[in-house]
Amino acid sequence: MPDTEGPRGQLEVFLGCAPGVGKTFEMLEQARGLQNEGVDVVVGVVESHGRAATAALVEGLEVIPRKAVDHRGTVLYEMDLDAILARRPAVVLVDELAHSNAPGLRHDKRWQDIDELLGAGIDVLSTVNIQHLESLGDVVAQITGVTQRETVPDDVVRAADQIELVDIEPRALRQRLEQGKVYSAERVDDALANFFRQGNLTALRELALLWLADRVDDKLAAYRAANAITDTWEARERVVVSVTGGPESASLIRRASRIASRSSAELLVVHVVRGDGLAERGDVDLTALRALATSVGAGVYSVVGDDVPQTLLEFARAMNATQLVLGTSRRSRWQRLFDEGVGAAVVRDSGRIDVHMVTHERAGVRRKLDIRQTRFHRPGSWIIAVLAPLALTGVLSLIGPLIGFGSQTALFFVVVLAVAMLGGVVPAALSA
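Taking our numbering, the leading residue of the sequence shown gets 10, the next gets one more, and so forth.
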């Protein structure tokens, strides 16, 4: 069993888009380089698949003999985990991370063997193809028509200390296949016509690049959080579009999508919800917005905050956004006179984030008043504006000498404030 008291070993994964790209070759090249530097390196398991160039690189490296396992009358040869733990090398090569072990071994999966090796303080070099990542199973099946039986949890690969993408042009990989450098001659034609079609390889290559880019983003976000970094780092373009849920929201998402596509940026849609639970509008349709956002490849987020400009900027900085898209104001001139509005506040405090103020067909249309709310509050506020001061005067005529002039003034101020909240400035002025 591993010695868990020492430092944990480090995992380096060689990631490829398909068999034959050269993952095992690159792993062996690195192992030979480490050996030349005096590092104690052994081969736990390397699958050459009959490739002479791969087998040649194994020569000169110490190979731990495999363990024979009898399974239903058939002898299978698996990596000898206990022998490696007893040998305790500095580095061990363990090919094919997603491999399923023969029944009866300590672990069902090879990645579990690797985890035990890492726990024992042994560094591991391993390989995996993008189609074996668990979260991508459905996508790979749609692309290739093949469902992968052997998979590895994404977290295992994401947790690797280093991931090296072994990349090759699809056309070059097909040429290698035709030359017999990947599969034996009798399998070439079938492979070229099915899994190794040009379109399949191009899609798998893009999938590997995107997955690795997301993993780098995760590492960057973790570093920024650990070091309390809030400034925007323009490592990758990311566009955030703010929507209210009103009829203009669809136009804003489409416009932001065009802005994002010009710089191959990621698009995020954000809707700010007030902290008191009151929606800014009564006709918010987030279901439709989510459907539209999904259709343009955007993620949708709802964030809570009473200070909309500050909430938007906090979200944008947390997402390391480089651009922020807002709709132009639909407020009246009087409203703009007393309040600069969300757009102006965001522009003022945006710092290094570029802000796009986008016009739309609803920009010149002011919001209608809620008639039900107006009919309820206005008569009530006028009545309260008249009666509340009179009632308070009557009460203070009885208890005024007991509480003092300052307290009386404060009570009148509370009444005026309450009237202002119910009916606005004019009834409050009458009450005062």
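Here a beta-carbon is modelled for each residue, glycine too, at the ideal position from N, C-alpha and C.
Sequence-distant residues of the same chain with beta carbon closer than 8 angstroms to residue i, five excluded per side
{"i": "V52", "result": "A40, V67, L70, E71, V72, I73, V101 and L102"}
{"i": "P16", "result": "G130"}
{"i": "R96", "result": "V51 and I73"}
{"i": "P318", "result": "V351, A354, V355 and D358"}
{"i": "H280", "result": "S251, V252, T253, G254, V293, L295, L298, V309, Y310, S311 and V312"}
{"i": "D363", "result": "T331, Q332 and L333"}
{"i": "H80", "result": "A111, P112 and G113"}
{"i": "G189", "result": "V197"}
As assigned by DSSP and simplified to three states, the class of residue i
{"i": "R107", "result": "It is Ala, not Arg, that sits at residue 107 in the sequence shown. Of the three classes helix, strand and coil, the one that applies to A107 here is coil, per DSSP."}
{"i": "K76", "result": "strand"}
{"i": "T331", "result": "coil"}
{"i": "E21", "result": "strand"}
{"i": "D49", "result": "coil"}
{"i": "R361", "result": "coil"}
{"i": "S311", "result": "strand"}
{"i": "S258", "result": "helix"}
{"i": "L277", "result": "strand"}
{"i": "R263", "result": "helix"}
{"i": "Q188", "result": "coil"}
{"i": "V305", "result": "coil"}
{"i": "I177", "result": "coil"}
{"i": "V166", "result": "helix"}
{"i": "R247", "result": "strand"}
{"i": "G42", "result": "helix"}
{"i": "V30", "result": "coil"}
{"i": "Q157", "result": "coil"}
{"i": "E56", "result": "coil"}
{"i": "A215", "result": "In the sequence as displayed, the identity of residue 215 is Glu instead of Ala. Helix, per DSSP."}
{"i": "E68", "result": "coil"}
{"i": "G352", "result": "helix"}
{"i": "A336", "result": "The displayed chain sequence assigns Gly, not Ala, to residue 336. G336 falls in the strand class under three-state DSSP."}
Distance CB(residue i)-CB(residue j) smaller than 8 angstroms
{"i": "G59", "j": "S193", "result": "yes"}
{"i": "L106", "j": "W120", "result": "yes"}
{"i": "E125", "j": "L90", "result": "yes"}
{"i": "L186", "j": "L24", "result": "no"}
{"i": "A307", "j": "V278", "result": "yes"}
{"i": "P28", "j": "V282", "result": "no"}
{"i": "V84", "j": "A92", "result": "no"}
{"i": "V54", "j": "V166", "result": "no"}
{"i": "E56", "j": "D104", "result": "yes"}
{"i": "G31", "j": "I177", "result": "yes"}
{"i": "D170", "j": "L20", "result": "yes"}
Nearest-angstrom Cβ-Cβ length linking residue i and residue j, presumed shorter than 8 angstroms
{"i": "L322", "j": "M366", "result": "The Cβ separation is near 15 angstroms, so there is no contact."}
{"i": "R214", "j": "P256", "result": "So it is not a contact: roughly 41 angstroms between Cβ atoms."}
{"i": "L210", "j": "L182", "result": "6 angstroms"}
{"i": "L142", "j": "T153", "result": "About 14 angstroms separates the two Cβ atoms, so there is no contact after all."}
{"i": "L127", "j": "G18", "result": "4 angstroms"}
Beta-carbon contacts of residue i that lie in its chain and below 6 angstroms, excluding the five residues immediately before and after
{"i": "Q344", "result": "Interpretation of Q344 is limited by its pLDDT of 49, a score under 50 that renders its predicted location unreliable; the figure taken from the coordinates is listed afterwards. Taken in chain order, the list of residues that qualify is empty."}
{"i": "C26", "result": "I139, L213, R214 and A217"}
{"i": "V149", "result": "Q140"}
{"i": "D122", "result": "L90 and H116"}
Beta-carbon proximity list for residue i, same chain, < 7 angstroms, skipping 5 on both sides
{"i": "A265", "result": "V248, V250, L276 and V334"}
{"i": "F34", "result": "A62, T63 and L66"}
{"i": "L261", "result": "V250, V252, V334, G336, V367 and H369"}
{"i": "P98", "result": "D49, V50, V51 and I131"}
{"i": "V458", "result": "This structure cannot speak to residue 458, because the chain is shown only from 10 to 441."}
{"i": "S144", "result": "D163"}
{"i": "A168", "result": "none"}
{"i": "R75", "result": "V54, Y86, E87, M88 and D89"}
is_contact[residue i, chain B] using C-beta, thresh 8 angstroms
{"i": "V48", "result": "Among the protein chains of the structure shown there is no chain B, as only one such chain exists."}
Unbroken beta strand (DSSP E) runs of length 3 or more, entirely within the stretch 75–152: which are they?
List check, beta strand (DSSP E) in window: 76–80, 83–87, 100–103 and 132–138.
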